[in-house]
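In what follows, a single structure is set out as structure tokens and then discussed.
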Amino acid sequence: MEVVILAAGQGKRMRSVLPKVLQPLAGRPLLAHVLSSARALGARQICVVYGHGGEAVRSRLNAPDVVWVEQSQQLGTGHAVQQAMPCLSDESQVLVLYGDVPLIGAHTLTRLMDAAGRDRLALLTVKLDDPVGYGRILRDGAGRVTRIVEEKDATSDERHVHEVNTGILVAPAAKLRDWLDRIGNDNVQGEYYLTDIIGLAVSDGVEVATVAPDDVSETLGVNSKEQLSALERMFQASVAHRLMDAGVTLIDPARLDVRGELVCGCDVEIDVNCVFEGRVELGDGVAVGANCVLRDVRIGNGTRIAPFSHLDGTATGQACVLGPFARTRPGTVLANGVHIGNFVEIKNSNIADDSKANHLSYIGDADVGMRVNIGAGTITCNYDGANKYRTEIGDDAFIGSDTQLVAPVRVGQGATLGAGTTLTRDAPPGQLTVSRARQQSHAGWARPAKKSGE
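Residues 81 to 534 (the working numbering) make up the sequence shown, in order.
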């Protein structure tokens, strides 16, 4: 089996310089979704026919397993498939998909392939209450498909037909090649319609089978930002349904955005307006508060993430507490029982068991031991304008508030840094280190006063 994906459309109604098939759905280009379904079928070859913005499409998708074919002139769907035929084997079955129909599922396509077998033409059709804009499926008195008529070429009676063509089909490659050579462009649009092969198949005595999708949403295309938005919510609703079916508690399924892969353990709870990007793994008993953004993270069992926290490229152990308003950046590794509080930022750092930074601190390029307490206003000064250096803090250290650790620097095990310390040399283990100006009081000093009349 080989797949041809038509992706040459410009998408003028999108009002965007971005090619239509690169418009994002759930954080990925429309075409990427279609490619995923095609790959799930185990296709021997995937051929993408591109046109407008072709080089941008190729570079954005970065798909070495795809054969790219240019359609320099957009002369219709039949013409587009014709461009791919030199790449296809006559012994194969050809599945035709569309780069702007992103929700098509592998299960539906498998049923379509089964219906086609080795020598039939199989169409994916759907019955719509409002079929306006679609080509109609015409059948004879025995219910056999005879042809497809595009709406612009249909008679008044034909437009009352509710079974429509989705454009997705499977056909034997050798027969498809012959039919494409025989279609013409004698129609209102002056284009070569792929749908015209149906009439040719019937006249050649080839059986035409039809299959309905698992869900109508699988057949919906995108031609405008409004349609893109509608499909986004359909996609997210499907994700939410699968999560809840697996036991995840979603406070409001309508306010969830998964833009990648979300893997959840048992008894996970997710509050409203959370966004998950890349691959996110949530362990058993994890709770994610409202308005959080998680990207490429692995969260250990029993960890609680308070509202408005942003986690990126982070791994946590068990029973951690993060937020509210916590931010972790790539390279952050938190062990068990770590607390990261409000307005604390962690970057490229390892923090060991039961350590805490609860308020208003920045920890970057650091290795923090166990049971360390980091006071409010602490920062690691890890960058000198050209190079970055690491800070090491030993087990059971206590870092007083408003401390600056000027890397490279080491704080020994059990050391205490007094509030307001600027540490530029290593702090010995088990000792108090203080670096601050001597406090002075001046008797008789008065504040400046405003001049009279000001």
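We put the CB at the ideal spot given by N, CA and C, even for glycine.
query                                                                                                  : result
Proximity of Thr394 and Thr408 at Cβ, strictly below 7 Å                                               : yes
Option in Tyr469, Val328, Leu175, Ile420 with minimal Cα separation from Ile248                        : Leu175
Complete beta strand (DSSP E) runs within the stretch 197-281 (minimum length 3 residues, chain order) : 201-207, 216-219, 225-229, 243-252
Proximity winner among Pro528, Met94, Ala87, Ile85, relative to Leu308 (alpha-carbon distances)        : Met94
Residue range of the alpha helix (DSSP H) that includes Lys305                                         : 305-325
Alpha-carbon spacing of Glu82 relative to Ile431, whole angstroms                                      : 50 Å
Inter-residue spacing [alpha-carbon to alpha-carbon] between Ala334 and Leu323                         : 13 Å
Within 7 Å, strictly: CB atoms of Asp337 and Val355                                                    : yes
Three-way DSSP call (helix, strand, coil) for Val84 in this model                                      : strand
Cβ pair Val360, Val328 closer than 7 Å                                                                 : no
Backbone CA spacing between Leu203 and Pro109 [nearest angstrom]                                       : 26 Å
Reduced DSSP secondary structure (H/G/I, E/B, other) of Gln484                                         : strand
DSSP three-state assignment for His187, whether helix, strand or coil                                  : helix
Where Arg339 sits in the DSSP three-state scheme                                                       : strand
Proximity below 7 Å, CB of Ile379 to CB of Gly369                                                      : no
Helix, strand or coil at His390 according to DSSP, with G and I counted as helix                       : strand
Whole-Å CB distance - Ala87 paired with Val137, under 8 Å assumed                                      : 7 Å
Ala548 and Phe315 closer than 7 Å at C-beta                                                            : Shown here, the chain extends from 81 to 534; a query on residue 548 therefore has no answer.
Residue nearest to Val225 in terms of C-alpha spacing, selected from Arg200, Asp237, Ser236            : Arg200
Backbone CA spacing between Thr458 and Ile426 [nearest angstrom]                                       : 12 Å
Option nearest Ala320 by Cα separation, candidates Glu341, Asp476, Ser152, His439                      : Glu341
Cα-Cα separation, Asn422 to Leu440                                                                     : 6 Å
Proximity of Glu312 and Arg339 at Cβ, strictly below 7 Å                                               : no
Nearest-angstrom beta carbon gap, Cys344 and Ala326 [assumed within contact, 8 Å]                      : 7 Å
At least three beta-carbon pairs within less than 8 Å, the stretch 258-267 to the stretch 132-149      : no
At least three beta-carbon pairs within less than 8 Å, the stretch 208-221 to the stretch 234-244      : yes
Residue range of the beta strand (DSSP E) that includes Arg140                                         : Arg140 -> not in any beta strand (DSSP E); alpha helix (DSSP H) instead, spanning 134-141.
C-alpha distance - Gly285 paired with Gly279, whole-angstrom precision                                 : 10 Å
Residue closest to Pro182, alpha-carbon to alpha-carbon, out of Ala281, His113, Pro211, Glu243         : His113
Check whether Pro404 and Phe388 have beta carbons under 7 Å apart                                      : yes
Residue burial classification, Asp180 (beta-carbon count within 10 angstroms, cutoff 16)               : buried
Start-to-end residues for the beta strand (DSSP E) that takes in His419                                : 419-422
Cβ neighbour criterion (16 or more within 10 Å) applied to Ala222                                      : exposed
DSSP state of Gly444 mapped onto helix, strand, coil                                                   : strand
Simplified DSSP state of Thr396, which is helix, strand or coil                                        : strand
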